[in-house]
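Novice: Take a look at this one; I'll ask things after.
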Amino acid sequence: MRLGHFDLNLFVTLDALLDTRSITRAAERLHIGASATSSALGRLREHFGDELLVQVGRRMELTPLAQSLREPVRDVILRSHATLASGKRFDPATARRRFVFNASDYATTVLLTPLVQALEAEAPGIVVDIVGLGDSSVERLERGDVDFAIYPERNASPDHPRLQLMEETYSCVVWTGHHLKGGQMDFDHYMRARHVAAQFGDQRVATFESWFMATHGVQRNVVVTASSFNALPLLVVGTQRIATMHTRLARMYARLLPIRVLPAPFEMPVLKLVLQWNRLLDHAPDHCWLRERILAVAEQVV
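Reading the sequence shown from the start, the letters are residues 706 to 1007 in my numbering.
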(Lines of atoms letter the chains of each structure in order from A and count residues from 1; the text may use other names and numbers.)
(Lines give C-alpha, C1' and ligand atoms only; values in the text may rest on other atoms or scores of the structure.)
Protein backbone atom coordinates (compact mmCIF):
# COMPACT_ATOMS: atom_id res chain seq x y z
CA MET A 1 0.00 0.00 0.00
CA ARG A 2 1.23 3.48 -0.84
CA LEU A 3 0.61 6.92 0.58
CA GLY A 4 1.66 9.25 -2.19
CA HIS A 5 5.04 7.90 -3.25
CA PHE A 6 5.75 6.20 0.09
CA ASP A 7 5.27 2.45 0.50
CA LEU A 8 3.51 2.06 3.87
CA ASN A 9 4.98 -1.43 4.24
CA LEU A 10 8.30 0.30 4.82
CA PHE A 11 6.92 1.68 8.10
CA VAL A 12 7.09 -1.77 9.68
CA THR A 13 10.66 -2.24 8.45
CA LEU A 14 11.62 1.22 9.66
CA ASP A 15 10.19 0.48 13.10
CA ALA A 16 12.19 -2.76 13.35
CA LEU A 17 15.39 -1.06 12.18
CA LEU A 18 15.02 1.84 14.62
CA ASP A 19 14.37 -0.56 17.49
CA THR A 20 17.05 -3.18 16.80
CA ARG A 21 19.64 -0.92 15.14
CA SER A 22 20.61 -3.97 13.12
CA ILE A 23 19.72 -5.16 9.62
CA THR A 24 20.18 -8.78 10.68
CA ARG A 25 18.02 -8.57 13.82
CA ALA A 26 15.37 -6.52 12.03
CA ALA A 27 15.22 -9.16 9.30
CA GLU A 28 14.82 -11.91 11.91
CA ARG A 29 12.00 -10.02 13.59
CA LEU A 30 10.22 -9.45 10.27
CA HIS A 31 10.87 -13.02 9.07
CA ILE A 32 12.41 -11.80 5.81
CA GLY A 33 15.89 -12.01 4.35
CA ALA A 34 18.68 -9.64 5.32
CA SER A 35 19.07 -8.60 1.68
CA ALA A 36 15.40 -7.55 1.51
CA THR A 37 15.80 -5.59 4.75
CA SER A 38 18.95 -3.92 3.43
CA SER A 39 17.10 -2.99 0.24
CA ALA A 40 14.25 -1.50 2.29
CA LEU A 41 16.76 0.53 4.31
CA GLY A 42 18.13 1.88 1.04
CA ARG A 43 14.67 3.05 -0.01
CA LEU A 44 14.08 4.60 3.42
CA ARG A 45 17.38 6.46 3.19
CA GLU A 46 16.40 7.77 -0.22
CA HIS A 47 12.98 8.89 1.01
CA PHE A 48 14.25 10.69 4.11
CA GLY A 49 17.48 11.94 2.55
CA ASP A 50 19.34 10.63 5.59
CA GLU A 51 21.50 7.60 6.43
CA LEU A 52 19.23 6.72 9.40
CA LEU A 53 21.67 4.02 10.60
CA VAL A 54 25.43 4.55 10.47
CA GLN A 55 28.29 2.23 11.32
CA VAL A 56 30.16 3.22 14.50
CA GLY A 57 32.89 0.71 15.22
CA ARG A 58 31.25 -2.71 15.26
CA ARG A 59 27.71 -1.50 15.81
CA MET A 60 25.08 0.58 14.05
CA GLU A 61 23.87 3.83 15.60
CA LEU A 62 20.86 6.00 14.82
CA THR A 63 21.34 9.40 13.23
CA PRO A 64 19.68 12.39 14.95
CA LEU A 65 16.83 12.21 12.42
CA ALA A 66 16.35 8.50 13.09
CA GLN A 67 16.26 9.18 16.83
CA SER A 68 13.51 11.75 16.28
CA LEU A 69 11.51 9.23 14.22
CA ARG A 70 11.47 6.46 16.85
CA GLU A 71 8.50 7.65 18.89
CA PRO A 72 6.20 8.78 16.05
CA VAL A 73 6.89 5.64 14.00
CA ARG A 74 6.19 3.41 17.02
CA ASP A 75 3.00 5.37 17.66
CA VAL A 76 1.83 4.75 14.09
CA ILE A 77 2.55 1.02 14.44
CA LEU A 78 0.68 0.79 17.75
CA ARG A 79 -2.33 2.71 16.46
CA SER A 80 -2.42 0.59 13.31
CA HIS A 81 -2.32 -2.62 15.35
CA ALA A 82 -5.12 -1.41 17.62
CA THR A 83 -7.27 -0.30 14.67
CA LEU A 84 -6.81 -3.52 12.70
CA ALA A 85 -7.35 -5.72 15.76
CA SER A 86 -10.49 -3.92 16.92
CA GLY A 87 -12.66 -5.50 14.24
CA LYS A 88 -11.25 -9.01 14.48
CA ARG A 89 -12.46 -11.84 16.65
CA PHE A 90 -9.66 -13.35 18.72
CA ASP A 91 -9.58 -17.14 18.81
CA PRO A 92 -6.95 -18.26 21.34
CA ALA A 93 -7.01 -21.86 20.10
CA THR A 94 -5.79 -20.87 16.63
CA ALA A 95 -4.05 -17.54 17.28
CA ARG A 96 -0.40 -17.07 16.37
CA ARG A 97 0.76 -14.17 18.48
CA ARG A 98 3.79 -13.03 20.47
CA PHE A 99 3.26 -11.21 23.77
CA VAL A 100 6.09 -9.46 25.59
CA PHE A 101 5.95 -9.02 29.38
CA ASN A 102 8.08 -6.71 31.47
CA ALA A 103 8.25 -8.35 34.90
CA SER A 104 10.55 -9.19 37.78
CA ASP A 105 11.60 -12.75 38.45
CA TYR A 106 9.22 -12.66 41.45
CA ALA A 107 6.23 -11.90 39.19
CA THR A 108 7.51 -14.46 36.69
CA THR A 109 7.65 -17.18 39.34
CA VAL A 110 4.40 -16.42 41.12
CA LEU A 111 2.16 -15.19 38.28
CA LEU A 112 3.58 -15.81 34.83
CA THR A 113 4.59 -19.42 35.42
CA PRO A 114 0.98 -20.55 36.05
CA LEU A 115 -0.17 -18.30 33.19
CA VAL A 116 2.21 -19.97 30.73
CA GLN A 117 1.03 -23.36 31.95
CA ALA A 118 -2.58 -22.37 31.24
CA LEU A 119 -1.71 -20.99 27.79
CA GLU A 120 -0.07 -24.27 26.82
CA ALA A 121 -3.53 -25.85 26.68
CA GLU A 122 -5.73 -22.87 25.83
CA ALA A 123 -3.58 -20.98 23.32
CA PRO A 124 -0.70 -23.17 22.10
CA GLY A 125 0.19 -20.73 19.32
CA ILE A 126 0.96 -17.88 21.69
CA VAL A 127 4.62 -17.13 22.32
CA VAL A 128 5.55 -15.39 25.58
CA ASP A 129 8.70 -13.32 26.00
CA ILE A 130 9.59 -12.06 29.48
CA VAL A 131 12.08 -9.23 29.93
CA GLY A 132 13.26 -8.13 33.36
CA LEU A 133 12.37 -4.88 35.06
CA GLY A 134 14.91 -2.08 34.82
CA ASP A 135 15.40 1.65 34.65
CA SER A 136 13.24 2.09 31.52
CA SER A 137 10.22 -0.10 32.24
CA VAL A 138 7.65 2.67 31.74
CA GLU A 139 9.45 3.90 28.62
CA ARG A 140 9.25 0.39 27.14
CA LEU A 141 5.51 0.42 27.72
CA GLU A 142 5.20 3.87 26.16
CA ARG A 143 7.08 2.78 23.04
CA GLY A 144 5.10 -0.42 22.72
CA ASP A 145 8.21 -2.55 23.16
CA VAL A 146 6.25 -4.64 25.68
CA ASP A 147 2.59 -5.62 25.73
CA PHE A 148 2.24 -5.76 29.50
CA ALA A 149 4.20 -4.62 32.53
CA ILE A 150 3.81 -6.13 35.99
CA TYR A 151 5.26 -4.03 38.78
CA PRO A 152 4.45 -2.31 42.10
CA GLU A 153 1.62 0.22 41.86
CA ARG A 154 3.97 3.05 42.80
CA ASN A 155 6.01 2.39 39.64
CA ALA A 156 3.02 2.52 37.28
CA SER A 157 2.53 5.31 34.76
CA PRO A 158 -0.47 7.62 35.33
CA ASP A 159 -0.92 7.83 31.54
CA HIS A 160 -1.92 4.22 30.88
CA PRO A 161 -4.62 1.88 32.23
CA ARG A 162 -3.80 -0.64 34.93
CA LEU A 163 -5.43 -3.32 37.03
CA GLN A 164 -4.46 -4.50 40.50
CA LEU A 165 -3.47 -8.16 40.40
CA MET A 166 -2.69 -9.01 43.99
CA GLU A 167 -1.30 -7.83 47.30
CA GLU A 168 1.89 -9.14 48.83
CA THR A 169 3.56 -8.88 52.22
CA TYR A 170 7.21 -9.17 53.20
CA SER A 171 8.90 -11.65 55.51
CA CYS A 172 12.42 -12.32 56.72
CA VAL A 173 14.28 -15.40 55.53
CA VAL A 174 17.16 -16.99 57.44
CA TRP A 175 19.09 -20.25 57.27
CA THR A 176 17.85 -22.92 59.69
CA GLY A 177 21.22 -22.62 61.45
CA HIS A 178 20.82 -18.88 62.02
CA HIS A 179 21.45 -17.91 65.66
CA LEU A 180 18.28 -16.42 67.12
CA LYS A 181 17.51 -15.82 70.79
CA GLY A 182 14.40 -17.79 71.62
CA GLY A 183 13.98 -18.63 67.95
CA GLN A 184 12.44 -15.23 67.21
CA MET A 185 13.79 -12.11 65.56
CA ASP A 186 13.55 -8.67 67.13
CA PHE A 187 14.39 -5.30 65.62
CA ASP A 188 17.78 -5.03 67.35
CA HIS A 189 18.89 -8.39 65.96
CA TYR A 190 17.64 -7.37 62.52
CA MET A 191 19.64 -4.14 62.53
CA ARG A 192 22.82 -5.82 63.81
CA ALA A 193 22.67 -8.53 61.16
CA ARG A 194 24.22 -8.63 57.70
CA HIS A 195 21.73 -8.60 54.84
CA VAL A 196 21.27 -9.70 51.25
CA ALA A 197 19.11 -7.56 48.95
CA ALA A 198 17.88 -7.41 45.36
CA GLN A 199 18.67 -4.46 43.11
CA PHE A 200 17.88 -3.99 39.44
CA GLY A 201 18.79 -2.00 36.33
CA ASP A 202 21.87 -0.16 35.17
CA GLN A 203 21.45 2.24 38.09
CA ARG A 204 21.01 -0.66 40.55
CA VAL A 205 17.47 0.44 41.37
CA ALA A 206 16.45 -0.71 44.86
CA THR A 207 13.51 -3.00 45.41
CA PHE A 208 10.34 -2.00 47.22
CA GLU A 209 11.61 -3.07 50.61
CA SER A 210 14.98 -1.37 50.15
CA TRP A 211 13.22 1.79 49.03
CA PHE A 212 11.01 1.68 52.12
CA MET A 213 14.01 1.32 54.39
CA ALA A 214 15.82 4.25 52.79
CA THR A 215 12.67 6.40 52.82
CA HIS A 216 12.25 5.91 56.56
CA GLY A 217 15.89 6.56 57.38
CA VAL A 218 16.76 3.01 58.40
CA GLN A 219 20.17 1.91 57.14
CA ARG A 220 20.80 -1.81 56.98
CA ASN A 221 24.16 -3.51 56.62
CA VAL A 222 23.72 -4.95 53.10
CA VAL A 223 26.72 -7.13 52.24
CA VAL A 224 25.39 -9.02 49.19
CA THR A 225 23.21 -7.76 46.32
CA ALA A 226 21.76 -9.69 43.40
CA SER A 227 19.62 -8.84 40.37
CA SER A 228 17.16 -11.55 41.32
CA PHE A 229 14.58 -12.10 44.04
CA ASN A 230 14.90 -15.85 43.54
CA ALA A 231 18.57 -15.68 44.50
CA LEU A 232 17.93 -14.22 47.96
CA PRO A 233 16.98 -17.43 49.84
CA LEU A 234 19.94 -19.23 48.26
CA LEU A 235 22.30 -16.53 49.47
CA VAL A 236 21.35 -16.89 53.14
CA VAL A 237 21.85 -20.67 53.32
CA GLY A 238 24.90 -21.55 55.41
CA THR A 239 25.29 -17.96 56.67
CA GLN A 240 24.01 -15.62 59.38
CA ARG A 241 22.61 -13.21 56.78
CA ILE A 242 18.98 -12.12 56.51
CA ALA A 243 16.89 -11.61 53.38
CA THR A 244 13.72 -9.52 53.46
CA MET A 245 11.54 -10.66 50.58
CA HIS A 246 8.07 -11.45 49.27
CA THR A 247 6.25 -13.84 51.60
CA ARG A 248 4.82 -16.06 48.82
CA LEU A 249 8.21 -16.53 47.21
CA ALA A 250 9.87 -17.15 50.58
CA ARG A 251 7.36 -19.88 51.43
CA MET A 252 7.92 -21.55 48.07
CA TYR A 253 11.65 -21.77 48.75
CA ALA A 254 11.08 -22.93 52.34
CA ARG A 255 9.77 -26.17 50.83
CA LEU A 256 13.02 -26.64 48.92
CA LEU A 257 15.81 -25.19 51.07
CA PRO A 258 16.94 -25.32 54.73
CA ILE A 259 15.52 -21.89 55.53
CA ARG A 260 13.00 -20.38 57.93
CA VAL A 261 10.41 -17.73 57.08
CA LEU A 262 9.87 -15.26 59.94
CA PRO A 263 7.67 -12.21 60.41
CA ALA A 264 9.50 -8.93 59.91
CA PRO A 265 10.10 -7.25 63.31
CA PHE A 266 8.51 -3.99 62.12
CA GLU A 267 5.53 -2.78 60.11
CA MET A 268 5.87 -2.69 56.34
CA PRO A 269 3.26 -1.49 53.84
CA VAL A 270 1.53 -4.06 51.69
CA LEU A 271 2.90 -4.34 48.17
CA LYS A 272 0.21 -3.83 45.52
CA LEU A 273 1.16 -5.49 42.26
CA VAL A 274 -0.48 -4.13 39.09
CA LEU A 275 -0.77 -5.08 35.44
CA GLN A 276 -0.34 -2.18 33.02
CA TRP A 277 -0.61 -1.85 29.24
CA ASN A 278 -0.45 0.89 26.61
CA ARG A 279 -3.70 2.85 26.36
CA LEU A 280 -3.71 2.44 22.56
CA LEU A 281 -4.22 -1.30 23.04
CA ASP A 282 -7.00 -0.99 25.61
CA HIS A 283 -9.69 -2.43 23.32
CA ALA A 284 -7.61 -4.83 21.22
CA PRO A 285 -9.38 -8.23 21.45
CA ASP A 286 -6.16 -10.21 21.91
CA HIS A 287 -5.06 -7.94 24.75
CA CYS A 288 -8.49 -8.03 26.37
CA TRP A 289 -8.51 -11.84 26.30
CA LEU A 290 -5.05 -12.17 27.81
CA ARG A 291 -5.78 -9.58 30.49
CA GLU A 292 -8.74 -11.67 31.61
CA ARG A 293 -6.56 -14.79 31.75
CA ILE A 294 -3.91 -12.98 33.80
CA LEU A 295 -6.54 -11.78 36.26
CA ALA A 296 -7.96 -15.29 36.54
CA VAL A 297 -4.50 -16.66 37.34
CA ALA A 298 -3.87 -13.91 39.90
CA GLU A 299 -7.12 -14.75 41.70
CA GLN A 300 -5.91 -18.33 42.17
CA VAL A 301 -2.53 -17.38 43.63
CA VAL A 302 -2.52 -18.08 47.37
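Glycine residues also receive a C-beta, built at the ideal position from the N, C-alpha and C atoms.
From the DSSP output, read off the bridge partner residues of M765.
Specialist: Along the sequence shown, one-based indexing puts residue 765 at 60. Looking at the DSSP assignment, M765 forms a beta bridge with Q760.
Novice: Which residues in the same chain have their Cβ closer than 6 Å to the Cβ of V836, if we skip the five residues on either side of it in sequence?
Specialist: As a working mapping, residue 836 is identified with position 131 in the sequence shown. Closer than 6 Å at the Cβ level, and outside the excluded window around V836, lie N807.
Novice: My guess is that D755 and T768 are in contact by the Cβ rule of under 8 Å, so how many angstroms apart are they, rounded?
Specialist: Here residue 755 corresponds to residue number 50 of the sequence shown, with the count starting at 1. Here residue 768 corresponds to residue number 63 of the sequence shown, with the count starting at 1. Confirmed, Cβ separation roughly 6 Å.
Novice: Examine the Cβ distances between the stretch 978-990 and the stretch 842-860 and report whether three or more of them are shorter than 8 Å.
Specialist: Yes: at least three Cβ pairs fall under 8 Å.
Novice: When you compare the CB positions of R801 and G762, do they come within less than 8 Å of one another, or not?
Specialist: Taking the sequence shown and counting its residues from 1, one reaches residue 801 at position 96. Taking the sequence shown and counting its residues from 1, one reaches residue 762 at position 57. No, the pair does not count as a contact, with Cβ atoms beyond the cut-off.
Novice: CA-CA distance, T930 and A854?
Specialist: By one-based count along the sequence shown, residue 930 stands at place 225. By one-based count along the sequence shown, residue 854 stands at place 149. Going by the C-alpha atoms only, they are around 24 Å apart.
Novice: Between the C-alpha atoms of W994 and T952, what's the straight-line distance to the nearest angstrom?
Specialist: For the purposes of this step, residue 994 is identified with residue 289 of the sequence shown, where counting begins at 1. For the purposes of this step, residue 952 is identified with residue 247 of the sequence shown, where counting begins at 1. W994 and T952: Cα-Cα distance of roughly 29 Å.
Novice: In angstroms with no decimal places, state the Cα-to-Cα distance between I964 and H884.
Specialist: By 1-based counting over the sequence shown, the position of residue 964 is 259. By 1-based counting over the sequence shown, the position of residue 884 is 179. Taking the straight line joining both Cα atoms gives about 12 Å.
Novice: Give every residue of the same chain whose Cβ lies closer than 6 Å to the Cβ of R775, excluding the five residues on either side of it in the sequence, and list them in chain order.
Specialist: Start at 1 with the first residue of the sequence shown, and residue 775 comes out as number 70. Only L723 meet the Cβ criterion.
Novice: Please identify the residue among H752, V1006 and Q904 whose C-alpha is closest to the C-alpha of S809.
Specialist: Residue mapping note: residue 809 aligns to position 104 of the sequence shown, counting from 1. Ranking H752, V1006 and Q904 by Cα distance to S809 puts Q904 first.
Novice: Which residues in the same chain as I999 place their Cβ atom closer than 8 Å to its Cβ, once the five residues preceding and following it in sequence are excluded?
Specialist: By 1-based counting over the sequence shown, the position of residue 999 is 294. Hits under 8 Å: L816, L820, F853, L870 and L980.
Novice: Tell me the rounded alpha-carbon separation between T874 and M973.
Specialist: Numbered from 1 along the sequence shown, position 169 holds the residue referred to as residue 874. Numbered from 1 along the sequence shown, position 268 holds the residue referred to as residue 973. Going by the C-alpha atoms only, they are around 8 Å apart.
Novice: What are the boundary residues of the alpha helix (DSSP H) that E825 is part of?
Specialist: For this step, residue 825 is matched to residue 120 along the sequence shown. Where E825 is concerned, the enclosing alpha helix (DSSP H) stretches over T818 to E827.
Novice: Note the first and the last residue of the continuous beta strand (DSSP E) segment covering A931.
Specialist: By 1-based counting over the sequence shown, the position of residue 931 is 226. Segment N926 to A931, the beta strand (DSSP E) holding A931.
Novice: Can you pull the DSSP bridge partners for W982?
Specialist: Residue 982 sits at position 277 when you count from the first residue of the sequence shown. Beta-bridge pairing links W982 to no other residue.
Novice: So what does DSSP say about V832, is it helix, strand or coil?
Specialist: Residue 832 sits at position 127 when you count from the first residue of the sequence shown. In the structure shown, V832 sits in a strand (DSSP, three-state: E or B).
Novice: Could you check where the beta strand (DSSP E) with Q945 kicks off and where it finishes?
Specialist: Taking the sequence shown and counting its residues from 1, the one referred to as residue 945 is at position 240. Q945 -> no beta strand (DSSP E), and no H or E assigned at all.
Novice: Here's the rule I'm using: 16 or more other beta-carbon atoms within 10 Å means buried, otherwise exposed. How should A826 be labelled?
Specialist: In the sequence shown, residue 826 corresponds to position 121, counting from 1. Counting Cβ neighbours within 10 Å, A826 comes out exposed, since fewer than 16 surround it.
Novice: If you drop the 5 nearest sequence neighbours on each side, which residues of the same chain put their C-beta closer than 7 Å to that of M890?
Specialist: For the purposes of this step, residue 890 is taken as the residue at position 185 of the sequence shown. Result list for M890: C877, L967 and P970, in chain order.
Novice: For H992, which of Y958, F795, M957 and E1004 has the nearest alpha-carbon?
Specialist: Within the sequence shown, residue 992 is the residue found at index 287, counting from 1. Ranking Y958, F795, M957 and E1004 by Cα distance to H992 puts F795 first.
Novice: Would you call the CB atoms of N935 and T818 closer than 8 Å?
Specialist: As a working note, residue 935 is residue 230 in the sequence shown. As a working note, residue 818 is residue 113 in the sequence shown. Not a contact, by the Cβ cut-off of 8 Å.
Novice: Return the residue from the list S740, A989 and E872 that minimises the CA-CA distance to Q1005.
Specialist: Mapped onto the sequence shown, residue 1005 falls at position 300. Comparing Cα positions, the closest option is E872.
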